[in-house]
Amino acid sequence: MGITNRERLPLPRQKFRWCTDRLKIEPANRFILDKVSQFGEVIMVLGVRDTESATRANVMQQHTIEGKNLMRHSTLTNAFVFAPIRDFSTDDVWDYLLQSNLSPWGEDNNELLRLYQDSNSECPLVVDKEIKESAGSCGNSRFGCWTCTVVSEDKALSGFINNGVSWLEPLYEFRNFLYHIRNDRNARQKQRMNGQVYLLSHLDGIDLDSAQQVHINDLGNFLDANNIDLANAEDLNLIIVDHDGQLKQLGPGPFTLKAREEILRRLLQTQKKVQQLHDPSIELISIEELKIIRQYWEEDLDWDNRVPNIYEEETGLKINWEENDRPTFAEDQMTDLERLCLEENVNLSVFKRLLSIEKNYSGYKIRRGLHKELEKALKQDFLHL
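Residue numbers (the numbering used here): 70 to 454.
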């Protein structure tokens with residue numbers, strides 16, 4: 070495998086919804102631009118409606134071509150949008166769908182109705198015209214990724230469970246676990262992936278009565294003296310005094326390897342529960358994905374080969390893992406390595422990173438990029454505090 074620069078992103082949140090752009094908008098735009106390049110222009114048929122929201126209505130009006138039934142795409146040249154149900158209300162949509170029980174692709178629209186009803190226990194959708202006005206209607210439930218951490222509560226998933234779809238409970242519990250562990254400072258590294266250290270003004274999660282205060286100029290010496298690895302430190306109850314005398318704390322980075330291990334175990338446990346409760350063929354994570362995770366963890370200095378061990382412990386199954394060509398050491402060798410690094414005042418994590426980089430580039434006649442990677446590892450912020 071060649072050297073690749075994989076981008077790893079955190080769990081999405083309201084102010085950083087990277088998933089919407091990267092997993093939805095950008096792939097769709099690439100497809101549209103490909104068709105524009107092929108045919109000169111495209112017309113997309115979308116089910117957008119003015120009554121979805123005031124913001125949606127305003128955006129649609131801004132892009133409407135005067136005297137035409139088309140709208141210009143908001144960002145793509147020579148791409149146009151036709152919205153055949155633009156003037157429909159939610160009631161109009163359901164009335165139309167239920168005029169014919171079958172969709173054009175042969176599915177029962179009454180099943181679709183039940184899906185929306187079951188997604189939210191407070192949804193009073195009624196299709197009897199005599200009582201519709203008094204009962205109101207719904208149909209505004211939205212279905213997204215079951216692991217979505219942008220919202221504080223997955224109302225659609227909880228609605229299904231409240232309506233008796235009990236096999237979804239393990240999924241609901243795992244999503245809530247993800248939402249909460251994201252905000253657990255003990256589960257996060259105290260540096261970014263590139264080794265950068267940054268400070269936060271708020272002191273949430275810090276026990277002010279027992280916290281140690283360290284001036285920013287003394288932080289490096291404090292970490293060295295206490296043998297603190299910011300990539301693995303958990304309960305680091307530390308207040309940093311900056312140059313202006315302001316009290317701050319180290320900002321969180323990616324999950325620690327220990328937290329990632331817990332997340333993977335929980336996911337495999339959830340998969341097993343769903344298979345037992347509902348369908349043995351359901352797969353929440355594939356073997357291919359596990360192999361990629363294993364590669365990521367190895368790059369992040371997991372030399373204990375944890376992924377295969379976790380998979381076997383949680384599922385009882387063995388699979389054919391690819392050979393591990395990372396530098397590995399026996400337990401006694403690792404102990405000696407840790408002792409030598411401590412005696413020579415060498416950061417163990419950096420030493421392991423340098424070995425891993427060298428191994429990545431071994432076998433290449435032209436090792437372009439090696440010195441840049443080595444330099445990057447040696448310039449991490451925490452080494453120069």
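Quick reminder that beta carbons are idealized off the backbone N, C-alpha and C, glycines included.
Simplified DSSP assignment, three categories, for residue i
| i | result |
| --- | --- |
| A97 | helix |
| H440 | helix |
| R183 | helix |
| K201 | Reliability fails at K201, whose pLDDT of 34 lies under 50, so the model's placement of it is uncertain and no value is given. |
| W372 | coil |
| T120 | helix |
| Q281 | strand |
| T384 | helix |
| K421 | helix |
| C207 | Low local confidence applies: a pLDDT of 47 at C207 is under 50, so the model's placement there is unreliable, and no value is given. |
| V105 | helix |
| L447 | helix |
| R254 | helix |
| F85 | strand |
| V195 | The predicted position of V195 is uncertain, since its pLDDT is 40 and thus under 50; no value can be drawn from it. |
| L78 | coil |
Beta-carbon separation (whole angstroms), residue i vs residue j, contact threshold 8 Å
| i | j | result |
| --- | --- | --- |
| Q364 | G322 | No, Q364 and G322 are not in contact; Cβ-Cβ is about 20 Å, not under 8 Å. |
| Q281 | L307 | 6 Å |
| L80 | R251 | 5 Å |
| A300 | Q258 | 5 Å |
| V460 | A148 | Absent from the model: residue 460. The displayed extent of the chain is 70 to 454, so no value can be given. |
Counted within 10 angstroms of its Cβ, other Cβ atoms place residue i as buried (16 or more) or exposed
| i | result |
| --- | --- |
| M140 | buried |
| S418 | buried |
| N429 | buried |
| K387 | exposed |
| L226 | buried |
| V44 | The chain is shown only over 70 to 454; residue 44 falls outside these bounds and no answer can be derived. |
| Q318 | buried |
| W87 | exposed |
| F408 | One point to set straight first is that residue 408 is Arg, not Phe, in the sequence displayed. It is exposed - the Cβ of R408 has fewer than 16 other Cβ atoms within 10 Å. |
| M262 | exposed |
Task: Three or more C-beta pairs below 8 Å linking the stretch 238-247 and the stretch 311-318 - done: no
Open item on the list: So within the stretch 139-186, which uninterrupted alpha helix (DSSP H) runs reach at least 4 residues, ignoring any that extend past its ends?
Closed with: 159-168
Open item on the list: Three Cβ pairs or more, each shorter than 8 Å: is that satisfied between the stretch 144-154 and the stretch 179-189?
Closed with: no
Open item on the list: I'd like to know if the stretch 231-238 and the stretch 268-275 are in contact, where contact means that at least 3 CB-CB pairs between them fall below 8 Å.
Closed with: no
TODO: Give a yes or no on contact between the stretch 341-352 and the stretch 318-333, applying the rule of three or more CB pairs nearer than 8 Å.
DONE: no
TODO: Output the residue ranges of the alpha helix (DSSP H) runs that lie fully inside the stretch 281-318 and measure 4 residues or longer, sorted by chain position.
DONE: 288-294
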